[in-house]
Every structure is written in structure tokens, then in C-alpha cells.
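As C-alpha cells, the structure follows; a few thoughts come after it.
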Amino acid sequence: MAQPKIGTLRNGKVYRFDPVEVAAHWVHTISFFALLITGLVLFAPGGAGWLAKLLGGVNVTRLLHRVFAVPYALISLPLLVFFSPRGAKEWFREMFHWDKDDIKLMMGYFPEILGRHADLPEAPKFNAGEKFNSLLTLFTGIGLTLSGIIMWWPQSFPQWLVRLAYPVHDLAFLGMCSMLCVHIFLSVAHPKMRAALEGITTGWADAEFCKEHYGKWYKKVVTKG
Amino acid sequence: MTNGWTDLKETDCALIIGSNAAENHPISFKWLTKARDERGAKIIVVDPRFTRSASKADVYAPMRSGTDIAFMGGMINYILQNNLYWKDYVVNYTNAAFIVGEGYDFKDGMFSGYDPKTRKYDAKQWDFEMEPQADPKAAPKAKTDPTLSHPRCVFNLLKKHYSRYDLDTVSRVCGTPKEKLEEVYRTYAETGKPDKSGVIMYAMGTTQHTVGSQNVRSYAMVQLLLGNIGVPGGGVAALRGESNVQGSTDYALLFHLLPGYINAPNANADHATLEAYLKKETPKGGFKTNTPKWVVSMLKAWFGDAATKENEFGYHWLPKKDPKKNYSWIALFEAMYNGTIKGLWTWGENPPVSGPNCTKEAKAMENLDWLVCVDLFESETAAFWKRPGADPASIKTEVFLLPACSSIEKSGTVSNSARMTQYRWQAVQPMGESKPDLDIIYELFAKIRELYKGSKAAKDQGILNLTWDYGHPITPEAVAKEINGRDLTTGKLMTSFANLKDDGTTTSGCWIYCGMFPDENKYRAMDRDPAEKAKGIFPGWAYSWPVNRRILYNRCSADPAGKPWSEDKKIVWWDPNAPGDPAKPEDGPGAFVGYDVTDFNKFLKPEKSAAAPFIMQVLGKGGLYANTGMNEGPFPEHYEPWESPMKNAFSSVQLNPVVKVWEPDKQGSPDQFPIVCTTFRLSEHYQTGTLTRNQPWLAELQPYMFIELSEELAAEKGIKQGQKVKVSSARGEIEVYAMITKRWKPMEIDGRTVHCVGMPWHYGFAAIAKGESANVLTPHIGDGNTMIPEYKAFLVDIKGV
Amino acid sequence: MAKTLYIDTSKCMGCRGCESACKQWNDLPANIKGDLKGEKFEFLPFNGTYQTKTAFAHQTYTMVKMQELAADDGGVKWLFGKRQCMHCAEATCMMVCPVDAISRTPEGAVYLDKEKCVGCGYCVQNCPFNVPQLDYNQKGIGIWEKKSSKCNLCADRVQNGLIPACAKTCPTGAIKFGDREEMLALAKERVEQLKPKFPGARIYGEKEVGGTVLYLLTEHPGYYGLPESAVVPWQVRFWKYFARPVGELAVGGGLLVILAGLFFNYVMPAKETPHHAEGVK
Amino acid sequence: MRVTRRDFLKLSGVTAASAALSQLGFAAPAVAKVRDFKIREAKVSPTICPYCGVGCGQLVYVRDGKVVQLEGDPDNPQNQGSLCSKGAALSQVFDNPRRVTKVLYRAPGASAWEEKDWEWALERIAENVKKTRDASFIETQPDEKDPAKSYIANRTEAIASLGGASLDNEECYLLTKMNRALGIVYLEHQARI
């Protein structure tokens, strides 16, 4: 069966992401979580001793951390770029394109998270929060990957760089974590934003939700398309 | 060592020549460092290469290997020309004043009395002029001139002989810059004062030359001139290389001796009977006049009741050498190579690594019918039949590798370099089926004796009559008691060798150790009082033969009147108020007292003891001139090593005229092999490495065989740091790593540049750390007296691989 | 009372007794590959010097650094400097260790507890003297147990009234152990003593990294493999005092947002607004 | 044996004290648990280093038949507790997997060792000794100039003995006796080389 076009409206749902985009998101998510958990054992082993035990000890955890680092670093992004150039293009364009509305949206986000109403401008395919999240994901991902490579093979790099890799890795991971908190909360626990989860899981998102949250995109792609 | 290790802290100057004490006897530097810190002592190192010892020296002088006599001759000359000798000491305690007979002469490198056919001197020509003695039994006396003005007195002959050793010639021969020579001479000669003492520390760098014995003599002569013998911080310190090479020498595991430094008998008229032997071997003067007591007591210890006056105490059961033959190491391997020797046992000895021209020595072993190798590890000796290049199928030798256990797995004593005998307590059970050598020897001889049981043949009686009952299990104490000896009339252990008799009523297996086990429950080797009495003397710690003396010739520390030469250097002195000899109340009070056991009867009046401070010498004085005992002549004279880059600058005689050249066709020429090579040891390995190259910690400290060469030679030969190089001599070729170092420098020898190199000799094909053996390259030629091989100076060439 | 080692390089003759004694007390293996019963062995490659150990390793807590130098008079100097953990007062390894496996003993040693160590290697990378090294033990395919290892100044000996093994075995007294003040006084006295003959004589470790094991050097520290000025790496300070606090603050902020979100959405939800009502079917 | 061991007296006292302290909960709180003091219950024996001629004292600490520690004997005047790299590593001579722990025999022409028992080996060696000795024994030697005269020689030149510098004194003495009783004159050891 041919893939529906992005923006197709069917049974009250809008086709928002193709399977490659969905896969890329989840490969990234799973590997990141795996790295997060295994990394925590290495980052705060004293506090995460039980976790280390659960995972088969520090040594196994260390191995797992490296095992998951490979898909994390090598799969998601190439997958998106090579198999859904359209999705990649959209994502990149959106993430680097910020206008006044985005800023305004960003500013009004906090009450929204708290479930309060804010009079927000309409968003394109990705709203400002998601854009910010994307940017952070991309750059911390690069940071984590590069510093991770250096930490994996310290002998191959100058010592100052190796030493620098540690704070970089930590900073990137902690920064990403803080964003992650919000991201997960919104997608899983927030009463109104939860619908987005369906979109990134099945590719189809509730049309009303989309209309409200991605007004510009909805108008441009769904309504006109 | 005439003094002890702890005595080094009393020195004012240590001249380290022919040894690398920091590397091979590191603990010596504990005491030298102390001397430097506390007394401001100077350390001088003379060595062809800049060693770990040199790194801590105040003065370092390079010297071409094999030129010690030139170097020390230059020092003697410097001391005499500049009047730096200590006159009172020299006149009173050395033979400087003795008048030498007219038979003595020296011309162009040769002393009088040489027979080129036999390559031997007639030492009679060098005798002193003697005082006529009415009583033929009285101790002989030489004519003397205490003013030292007689032209033929030792002092003037000495002066004349070494006047040829001027700084220019010495520098040309040794390759030592003139100013360095002077610095060394000046610094060391400072010790020629009553309140100063200096020690000369030597080891195999001195002895392993064709002139090794004379090298040592040249040191002793300098020490006598400077009055450094018999005083704290002085002496000639032979740094012995093995934990019990002192003991094994004391017990005469050498062909030419019996236990206690008595000459082994020959099969000739001189030694045809015990009486003849004792007559020949007992000098007229000195402490050795007691020789018959020592020999008879030893025979009684060895043959027990079977030794009677009638059978000459079993004297004929001892083997008698062929007087024309030499049975030393090189001769032994030549005999093995020629097929004379059929059976060999080795006790921790490893000739395929340690023997000179060791390729030949390993080859010689193929001629053996049987080989018994007693060792802790599979050494190159045990595995000689499977050495690289050998075909085991064609080697018909039966080989037994008997597992010995290590020092911590057994009890017993060892004698260190300072003659101190210390007890080792067993800490653990022997590993596996390994055994102490004591048990192995004990059981092995019992088995051999079993085979001879009932034999009536004369040749077997020595085996059957040998005392060999030490109980089961054998203990070192049981053996030690036999060594100490007993008074057979009372059955009690001897308390001193002074009480030994020559009538068969006393026993002592080795007289110098007599008194070490004075009581059934007192083995003095076990004494452990760690207190220092004074001057580095710890009298309550273990036992030093003879009679627990720590400084030999200690009479010399006091002047002829018995007064210490200096407060700082006093050891024993005359106390007129001390209780006198209880056996001779008529002599009144007075005795020598002090920190050490005196070298002489302490009740002897000072003037009497001063007459013979060197009690082992027939004439009682320190020998600046050796009328007997040295094959090459009374004064050390420089001859070049067998393989040398230059013609002898002192005479037309190139090589020590009394050495035997075993393999004339194996001599390398300087054209073909222009580089002077020497061998050395590393701190991290022990001898042939059988013990240390098998230990991971030590193997990792020095895992590779290498050759050290200068940056200049490396540049000349295009050799890069760490590459493999081939080193060749007239005997063979080895492949080793190149260690290019600033610690070697080319030398100016005889007006041209000569390169010198060196390599460790620890390596072989067995063990964890392996490497080719340096002794593949060394020659089969030995010293003129001791036959110690010339490992330390030979010629090689080197090229990159 | 803080105790320290004092290493007088002018007295060290490079016998390496300390290297053996250290292995003996700490039961460290040799750095050799191969079955000890076999015939083939692999060592660190030949490097043209006596100093066969060129870097610390989990088997090597101490080593004598050796250096040949041309002397002004045309001769040569041969320097020996016994190296081991510097037990810095401001110990980087302690700062970076995430599990507090590295701590200080009352006697002043920086003690690395291998039981607690998780082998993260932060101390290895950040030590200004490159002292700690990882010990790798394979526990399964791809699974390695890693433990950082370094000299603990024989804390077990010191706490039982003995001095460290290296200090005890040193023949010349080049390695001493005692109260820091006393050792410093000895070093100062020695510098004065040596100055005439060794103009380069100096004390090292008095101030470096807050004070370390004391050295008396006769030449520039570089010849002994010691950094001229040893400090806590800036990256460590950046990490310790910036990256981590900021990062942790950020995560804290994130968590706060979640909590607030949950609270305001579920406990105190806002009243429905028409705007939102539209969106819900 | 009279062992004055200042060190272990001191040691055992300190050990007991620190053990008591830690039981009372006084172990320093800020400090990681320091490794167990491995020589706490070890038996100690003094010995002398088997390497060079200095004769340094060593202490061997043994527990359950294993050497747990070996270090310098502080009482021995020679070294007062110091040891060089060789002496300090001596424990590796013991319990070394490369040690020969059984009698090994290599038959003529064989290319490998075989393990034998002591009894067999000593008997076989004894037979070899007797065979070689009896076949080569020189009972008398004629005078250099007068062949009619001869002297007792009582020697064999077909057997040689090498070594002894690493043996104990008592062993050297037995060896010298045995060699001489057999008539061995090719008798040398490390002092020569």
C-alpha cells in the first residue's frame, strides 16, 4: 500500500509523520534512555548501586553503555536523512527557523505547561518547544557523541581534550536531561499535550489537536493539501 | 674484605675501581652515603663507563679496561714523588725498609729469573737479604734500613720501578685525561694521614684480567703507602659476588686448596708423606707456623678413628694433584673438550652462560657421559643438550636435574664478604620434592659408599673411612660441630683454633671456623645482638672468622708503642693498666683493649706485636714488595690484555709473560676487531640469571640482553637506538639490542680514538628473560696466578643488523 | 599529623629496590605477557635505557625515572628520580572520583579503595602526574572489570606502625617517610648543602597542587618527568565548579517543571476555557 | 634461636591496639577501609639474602605455608632493613611456577625430560660415579725425573665438580669432603670466574 501523503486527513486524524520519522524518533529515544540509565550507574554509582546490580554489575553496565552508544550515534540521524529526506528537511528547517511567533509561543509556554491558558500564536509543524527540544537534542547529541568517542579511546586524543570531554559529556547529558523532563511530562502526563504522543507513535495525530497546536502547519498542509 | 660493610661509614675516601658497588652491592652505598653525609667522605669511581656508582661519585675518571696497573702505578708514583705517603706507617708496618738481594733486577718489562721455555720465573732471585740466624727454627728476619736510604731497599726499588709511570704515559695508556688522573690521585692521597683513612673497593672488574692478581696487589700497595690497612674506614675491600663465595672458598671448593687456605697436596717428593707435606707447607715465621695442627685436626675430623698416627691420619686418602697440571676452570673445560672428563656435577653453576668462550664450554659438555645438575630452575647447563643449534639425538650425555630448594626453604649458614657467618632460619617447607643441597650431598655420598662397601682396594679406603654420620635427618648444626671440631680427650667442642693440636687429639674440619660452635647449644652464627660497639663494629651480631675479628691487621691502627695513631681511627690500643696475661703473671699488667678482637696475642708487649702486624706474612710486614706468591714478579707491572688495541707503552713485553695461552688461533687482532669490550652485571640480575631471570619481577626490570655503546660509535656505525646489532669477536658472534648512551665516551688511547663498549653477561637461552650470552665472545685465557679468565677486556666489532 | 615521603634524588643510585619492595608488599604482578610456565614471553619493548618501566601501570605503583644528561664539563650526569603517587593536598583524583573511592587517610595519604572503584577512569585522565592507571580484567565477552590502581603510600603499613615499603628498603636513605614538617626541614637543609655543587638543587612538592610528596631535585623537574608547575587541570575546575552544578541545576529545574505541571494540571486544574473546549470533542 | 625483633614487638602491640580501637568503633570515619594488614598473623623467620656478598638480613613472613611478605631485617647490621631490587624480590624464588620440583632425567639422545624419583636417580648417579671413577682412577704417579720412584696420587681426572658459592657453609664442607674422598681434582667454583 502506498504511503499516504503527509497531511492526509482520515477518520479525524492527520498523517503527521512517516514511519521513518517515527522509527528515527524511537531509536533515538530508546537508545538515549538506555544510555541514560546505564550512564547514571557510571555517573552516580554510589546512588545508583541498586541499578548497577540490576543491570548485572558496573562492568556489564559499562559494556551496555557502549553498546547503546552505537545506535544512538549512528542510526537515528542517518535513518532520517537517508530514508526520509523530506522529514529531515522539514525538521531541520523548522528547528532553525525562528520567527516572532515562535518566540512569543516560547514565552507563553510556561502557563501552558501548568495547564493555564495563554493566548498563543499558531505554530508550524513543530511548535517552539519542540523546536527547542530538537535543537538541544541535536547539539547535545553531537556533544555527547564526540566527547563519548574521546572518552572511549582516550589514548588517541590529547590529554587536555580527554580531560575536557568529561565536563562536556556531563554538561550535555545534564542539559538534555533537564529538557527531557519537560518533554516527557508534556507527552505523557500533560492532559492536553498527550495527544502528541499518538502522533509520533502511529504517525497519525488527532486533527483537532493538530489544528490547535500546529495551526500554521494544519492550515498549510492539511487544509490546503 | 679486610674490614666490613658497616665499616665503610668510617671512611674518608672510597676509591671504587674494578667494581660497580652501587649496582652490584647496593647496600655498600648505604654506608658510603652515611660516610659522605656524616664525615664528608669523597667517593671516587674509576671505570670504563659511567656507572650507577659513578652517578653518585664526587670524582669520576674513565679508564680503558685492563689498565689498572698503569693507573695505580701512576698513583704510586704520584704519592712517592710528592711525598704523600705516611712515613711512620710505611717504615714500621711494611717491608719498605727490607733490603732486596742482588738477584733482583728489572729490565724492559721483565724481572730477573725468567725462563721463556716454561714461561715461569725463579722467584728465588727476588729474595731479601736475610739476617743470619743461629737457631734454624727461629723466625726468619730480613735485613732492613729504617732510614730508607739503601739503594736496594724495597722503598727505593719501588720508587725506581714506578718512576716510569708518569702522568703522560699513564694517560696515553689508560685513556684517562691527565687532569682527571691528577684529581683522583690527589683526592685519594689525602688519606695518607694518621687521622684519615681510605678504602679501595674492587670486584671482578679487577680480577678478571690476565693481570688480575697484580691489579689487586697494586691496590694493596697504595693502601700500605697511605697507611690505610688495619684502620677503620680503610682496607682493601673485595666485594664478593655471591652470598657464600667466601665460605665456598674457605672450604676449598677449589682444586689448589684444602679448607682454611692450605695448599692442596701434589703427587711428588715434596708431598710424598704427611711429614714431607707439612714440612713443605709450614713457613718458618708468621701464624701459618701452626699449619700442622690445622691439617692433622682436619684429617681427624674427616676420617675419625680411622685416622691414626700410623696411617699418617689418612693423608693418603686425599687426592694428590699432578704437580705439572693445572685443574682450574679453563683447564677443566679444555680437558672436557678433549674428552678426559666424563662425569660432571654442578651445584648452582652455569658454564654455558658464565664460562669464557662459552660456546666451546657448552660443546665440551657434549663429551660427558653423565651430568648431574643441582639447581632450582632448569638452567642453561641442565638444558645444554637442547640449546639452540644442538641436536639432542647426537648428545649421549645422561642428564640428571636434581631439584634443590631455595635459601628460605632450608637452614644453614653463609659467610659474607666480610667473613661474617650468619645463620638462616628455615621459613617454609621445600617446594615439591626439592631438597636442601645438604640432604642431596648427604644421601648421594651414602649411595656411592654403599657401592664400595666391603672393598679392600686402597683407592676406596678414603670413601669407606670418611666420617659421614650426621644423624637423620641431617642438620646443619651437626655438620657445623664437625667443622668447629672437638677435643677428643674431653669430647668437648673446641673454643678456639689456638687450642688445636697436631697429635690427633683434636679435630676441626676447617680451622678458621674453629670456635664458632664453642658449646653444644651455642652456634655463634645465630647471634643476633644488633648493637654497635663503636666504629661500625657489631661484635654481637653473628660471627666473623677468625675469632670474631671484624678488622684484619688491626694492630696497624696503633703506633708501635700501642697508642692509637688518631682518636678518630682507633680500634685497639695498649692499656698498660689492663689485667695482664693470667698465664704469665711475671709479665705484669698491660694488654691491648678496644673495640675489636686483636689480630695477635693481646698480651704481647706493643713493641713485640708491632714487629709482625701482618701475622699471616712470614716476615710479618705488609708487602710492598712480594718476594714470593706472585708469579709475575715482586711489583705489579703493566702488560696489555691478551687482546688490546695498542702496543704496551711501558715495555716491549705485550702480554703477561707467565700466562698460558690456550687458544692462540682465537686471538682477535685490532684491525679486525677495533673496539675494546668489557662485560658487567646489572643490579636487577644475579650472575647467570638462573634465579633472577626466572622471577617475573626481576625479569621485567631487565628483560633484554643489550650492548652499551657511545653516541659517537653509534653515529660512526650508523646504529640507531634500540635496534638489533651483531657483536663479534674471534670466538663468535651474538645478536643483541643496541643501547646508545652518553655514559660511554670514546677514549684517546695512544694518540688515537678508541671506542669502548660493554654488555651484561647475565643472559642465556633459558628462563623468562632470555638473550644471547656475552661470554660467547670472551677468550679462554686467564690470570697469571689465579687463572681467572680475562672476561673484562677483549676486542670486538659491531655492526647493525 | 600529616606524613609524607621525602625523596632525595641526590642520594638515589637507581638500584630499584623500591620497585621490588612495592610489588612485594602490594602483591603486584609483573608486566609480562605469557604463561609463566611456558617459553614465550612479551615485555614492554626495549627502549634503549635501564628504565624499562616508562609509565605507571596497574602493576607499577612506583618506578625510578632515569635520565642521562650531558654535563658542562663534557661528562655525563645520570639522574634517578623515584616516582609514585604524589598524594597531593589538593588531590584531583579525589575531586573527580564519582564514588568516593578515593579518600584521605588520617596520615595524609590519598587512598584509593579498589573495592569501591568502578573503573570510570576519571582519576586516570585527570591526574596532573598521570599516576592512577586502570587494571583491566576480562570477566566475559566484552565485559571488563576495571579498577583504578595507584600507590596508597602503604596505608596499611603506616596504620600498623611501619613505614612504606619503598622507604624501608631504600639502601641510601634517598626515600624517607615522616612528618611533613620534619621532612620539609630536612629538604631545606639539604638544598643549602647541595647548592654549591648542584646549582639546580631545589625542593619540589612544597606548594605544587597544594603540596605533594617532597622531592629534592638537583635539576629541572622535567628531567624527572615532573611537570614544572603542577596544578589541578582547568577542565577539572570547569567541571567541578561549573559543568556539574549548572547541569544539576538544569535537571533540577526540569524536575521542578514536571512537579509544577502535575500539580497545576491535576491538583489545581484551570477552569475550562472556550478556547480549549473547542479542541476537545 | 634468639630473635630480637624490635619491629614485631612494636608491630604486634600496634596491631592489637588498632584492632581494639576498630572494634570499639573508633576506626577513622573519613577514611576508606585500608587493606587488611597482610602480615598480621604471619610467622616470621630471619634469613640471609642469597645474592651478593653483602649478606643482608631478610625477614620472611609466612602464613599457611605461603610467603606473604619478605623484607629487610632491621636488626641486621649489614642492611638495617634495606634491600636492593633483587633482595626485595626474593619471595618469587619460592612458589615460582618455573621451579623444578621433581627429579628430572634425560636419557642419552633423548629430546625431553622424564620425571624420576629421588631413590632411582641417586642410585643411578652413584653407579655412574663408580663406573667413571673406577675406570679412570690414578693410584700412583711416577716421579718427574726418576720413573722408578712413584707417589700416591689417589685421584680421578674424569669427574669434575663445579659450584658451591650459592651453597651454605655446611653444604660446602660436605661437598668438599665428598669430592676429596672420591679423588676429584677438577674441583672449581664461582670464585674462579
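Residue numbers (this note's numbering), protein chains in the order written: chain P, 43 to 267; chain L, 1038 to 1838; chain X, 27 to 307; chain Z, 294 to 486.
Glycine is no exception: its CB is placed at the ideal position from the N, C-alpha and C atoms.
Query, Result
"Within chain L, partners of Glu450/Z - CB distance below 9 Å", "Asp1359, Lys1362, Tyr1364, Ala1372, Thr1377, Ile1378"
"Selection from Cys111/X, Met112/X, Ala97/X that minimises the alpha carbon distance to Leu105/X", "Ala97/X"
"Three-state secondary structure assigned by DSSP to Glu1774/L", "Before going further, note that residue 1774/L is Tyr rather than Glu in the sequence given. Correct three-state label for Tyr1774/L: strand."
"Cα-Cα separation between Ala207/P and Ile191/P, rounded to whole angstroms", "9 Å"
"Three-state secondary structure (DSSP) of Tyr479/Z", "strand"
"Contact the segment 170-186 of chain X vs the segment 1048-1068 of chain L: 3+ CB pairs below 8 Å", "no"
"First and last residue of the uninterrupted alpha helix (DSSP H) at Gln164/X", "Looking at the DSSP string, Gln164/X is not in any alpha helix (DSSP H); the run it does join, the beta strand (DSSP E), is 159-166."
"Helix, strand or coil at Ile1652/L [DSSP, three-state]", "coil"
"When Glu1060/L, Ile1511/L, Glu1371/L are compared against Trp1699/L, the one with the closest alpha-carbon", "Glu1371/L"
"Test: Ala381/Z CB closer than 9 Å to a CB of chain X", "yes"
"Neighbour-count burial assignment, Leu304/Z, 16 or more Cβ in a 10 Å radius", "With a pLDDT of 39 at Leu304/Z, under the threshold of 50, the predicted position of this residue should be treated as unreliable, and no value is reported."
"CB contact check: Arg392/Z to chain L, cutoff 9 Å", "yes"
"Validate contact between the segment 1267-1287 of chain L and the segment 1234-1243 of chain L using beta carbons, cut 8 Å, 3 pairs", "yes"
"Where the alpha helix (DSSP H) containing Pro435/Z begins and where it ends", "Where Pro435/Z is concerned, there is no enclosing alpha helix (DSSP H), although the beta strand (DSSP E) it sits in stretches over 430-435."
"Within 9 Å, strictly: CB atoms of Val1390/L and His1799/L", "yes"
"Terminal residues of the alpha helix (DSSP H) in which Met1241/L lies", "1241-1244"
"Of the residues Gln197/P, Phe251/P, Leu222/P, His232/P, the one placed nearest Asn175/P, counting alpha carbons only", "Leu222/P"
"Per-residue DSSP class, three states only, for Leu397/Z", "strand"
"Closer than 9 Å to chain X by CB, Met137/P", "no"
"Closer than 9 Å at the beta carbon, the chain P residues around Gln151/X", "Met193, Pro196, Gln201, Val204, Arg205, Ala207, Tyr208"
"DSSP bridge partner residues for Thr1543/L (one or two, in chain order)", "Asp1524/L"
"Ser1444/L beta carbon less than 9 Å from that of Leu383/Z", "yes"
"Helix, strand or coil at Lys103/X [DSSP, three-state]", "strand"
"Under 7 Å from the C-beta of Ala1289/L: neighbouring residues of chain Z", "Thr469"
"Neighbour list for Arg42/X in chain L, Cβ cutoff strictly below 7 Å", "Ser1720, Glu1721, Leu1738"
"N- and C-terminal bounds of the alpha helix (DSSP H) containing His254/P", "In the sequence under discussion, the amino acid at residue 254/P is Glu, which differs from the His named in the question. From DSSP, the alpha helix (DSSP H) with Glu254/P extends over 249-255."
"Cα-Cα separation between Glu481/Z and Asp1820/L, rounded to whole angstroms", "15 Å"
"C-alpha distance - Tyr1774/L paired with Gln1758/L, whole-angstrom precision", "9 Å"
"Pair within 9 Å by beta-carbon distance, Arg1461/L and Ser1448/L", "yes"
"Strand pairing of Ser175/X, partner residues [DSSP]", "Gln159/X"
"Contact set between the segment 1776-1793 of chain L and chain X, restricted to residues whose Cβ is under 7 Å from the partner", "Met1776, Ile1777, Thr1778, Lys1779, Arg1780"
"Member of Thr244/X, Ala256/X, Phe264/X whose CA lies at the smallest distance from the CA of Leu95/X", "Thr244/X"
"Bridge partners - Lys359/Z, DSSP secondary structure assignment", "Arg356/Z"
"Helix, strand or coil at Asp1044/L according to DSSP, with G and I counted as helix", "helix"
"Three-state secondary structure assigned by DSSP to Met149/P", "helix"
"Inter-residue Cα distance where the pair is Ala76/P and Tyr151/P", "29 Å"
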